[in-house]
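Participant:
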Amino acid sequence: MIIMIIIIIIIIIISSSSSSSSSSSSSIIINFVVIIILIIIINFIVIIIIIIIIIIIIIVIIIVLLFLFINIEIPHGSLVGVVGLVGSGKSSLLSAILGEMDRLQGTVQTSGSVAYVPQSPWIQNCSLRQNILFGTSLNHKKYNKVIQACALTKDLEGLAGGHDAEIGEKGVNLSGGQKQRVSVARAVYSAADVHIMDDPLSAVDAKVGKHIFKHVLSDKGLLRNKTRIISTHAVHWLPLMDKIIVMEQGRIAEFGSYLELMRRVGTFTSFLQTNLRYALETSEDDEDADLEIIVVVVVVVVVVVVVVVVVVVVRVVVVVVVVVVVVVVVVAAATTAAAVALV
Ligand SMILES: Nc1ncnc2c1ncn2[C@@H]1O[C@H](COP(=O)(O)OP(=O)(O)O)[C@@H](O)[C@H]1O
Ligand SMILES: [Mg+2]
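For reference, each letter of the sequence shown is one residue, going -19 to -1, 1 to 324 in mature numbering (1 follows the signal peptide of the UniProt record, and there is no 0).
1) DSSP three-state label for V61, please.
2) Name the DSSP bridge partner or partners of residue 332?
3) Determine contact between the stretch 208 to 215 and the stretch 137 to 151, defined as no fewer than three beta-carbon pairs at a distance below 8 Å.
4) Just list the beta strand (DSSP E) runs in the stretch 138 to 217, keeping only unbroken ones of 3 residues or longer that don't cross its boundaries, in chain order.
5) Taking 8 Å as the threshold (C-beta atoms), are L109 and A132 in contact?
6) Check for me: the alpha helix (DSSP H) holding I78 runs from which residue to which?
7) Does the structure place the stretch 73 to 92 close enough to the stretch 22 to 37 that three or more beta carbon pairs sit under 8 Å?
8) Okay, do the stretch 89 to 103 and the stretch 163 to 183 touch, 3+ Cβ pairs below 8 Å being the bar?
9) CB of S72 to nearest heavy atom of ligand 2: below 7 Å?
10) Closer than 7 Å: is that where the CB of D174 sits relative to any heavy atom of ligand 2?
11) Examine ligand 2 and report whether any of its heavy atoms sits within less than 7 Å of the Cβ of Q100.
12) Check whether the Cβ of V67 sits closer than 7 Å to any heavy atom of ligand 1, and report yes or no.
13) Cβ-heavy atom distance between G231 and ligand 1 below 7 Å?
14) Say the cut is 7 Å; is the CB of M228 nearer than that to a heavy atom of ligand 1?
15) Taking the continuous alpha helix (DSSP H) assigned at I113, which residues delimit it?
16) Any heavy atom of ligand 2 within a distance shorter than 7 Å of the CB on D145?
17) Does the contact criterion of 3 or more C-beta pairs under 8 Å hold for the stretch 229 to 244 versus the stretch 195 to 209?
18) Hey, out of I11, G247, I17 and I148, whose CA is closest to V305's CA?
19) Is it true that the CB of F236 sits closer than 8 Å to the CB of V64?
20) Under the rule that 16 or more other beta-carbon atoms within 10 Å means buried, what is R244, buried or exposed?
21) Between V169 and A130, is the Cβ-Cβ spacing less than 8 Å?
22) Per DSSP, what are the beta-bridge partners of M228 in this structure?
23) DSSP three-state label for A132, please.
24) Tell me Y97's beta-bridge partners as DSSP assigns them.
25) Tell me whether the beta-carbon of V300 lies closer than 8 Å to the beta-carbon of I21.
26) Look up I104 in the DSSP assignment and say whether it is helix, strand or coil.
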């Protein structure tokens, strides 16, 4: 800015001295007006550029804050357990991840294909094999592996018609545990990237549950390379989960590995100890976390607005000073030119 003022003064002095030879004070006035207009235009452009830069900075800060305050982030290929009391919102959370539940706030992002095993398994009125293939082509090796991993081999031996047995309302009615395993087998066969299972082991006995966990869900199972989000009541599986989401009163109360949650002594430990008590401290912590986000965003916006105002005011003051300086110099030059002309 100082360099600009010096250049302008030099231009005025040169133009006034050259115009003095032609004894024309009107050309000085024209130069003066042109320079003033140039200064105003340049400053106007600079102010707009500064405002655009500051708006971009605000947007970047808000985006960064949003990413920093994501409630949960599930890495690809991890095994995540969802636990909580009955009615705490486990199924609702899974529905929200699937996009089947209207969200009041927040966003959910999933990558890749998703397979869902609902809490109440459903069966189509067709053969057992067709129920598992679910419209996809048959790959014998993969199909047999899925049947074995889902502990369906023995059930098939006792089923008249075997794989081709008609099941569902028009055929053989399967037990709750068998329906659940067919439902899990359908998801496993689909080989989707993300598997969301709502209490998939609730209707099977401990031995079968152990078999399915080992051969399907665990890090040695068929889904070892897939993202697995599984709500469960079976707390003995939790130490084997990569992360655990603890639900309480329709909210995510805690999120972390088994050891992290055990160290925290919060909702999770209460849940493990009694399965019945509600620990309210964690939800209060969550409200505090929400408040922190709002405070940080407000502080950032206020600081940025103050900076914008200061920058604009400073530039306006500088423009006024420059204009005054230019006026003084031009008047002095014009007076000198008039005096020279008179002489
Ligand atoms: N975040 C939430 N928003 C709205 N309704 C919820 C929420 N969490 C749970 N609910 C309601 O609470 C009830 C029980 O929730 P549910 O997800 O079935 O619990 P869980 O699977 O843990 O037993 C359902 O009727 C559901 O609509
Ligand atoms: Mg449920």
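Cβ coordinates follow ideal geometry from the N, Cα and C atoms, glycine included.
Predicted, not measured: the structure shown is a model, and the values here were computed from it.
Facilitator: Straight from the coordinates:
1) strand
2) No statement about residue 332 is possible, as the shown extent of the chain runs from -19 to 324 and does not include it.
3) no
4) 175 to 179 and 208 to 212
5) no
6) K71 to L79
7) no
8) yes
9) yes
10) no
11) yes
12) yes
13) yes
14) yes
15) L109 to L114
16) no
17) no
18) I17
19) no
20) exposed
21) yes
22) I233
23) coil
24) I177
25) yes
26) coil
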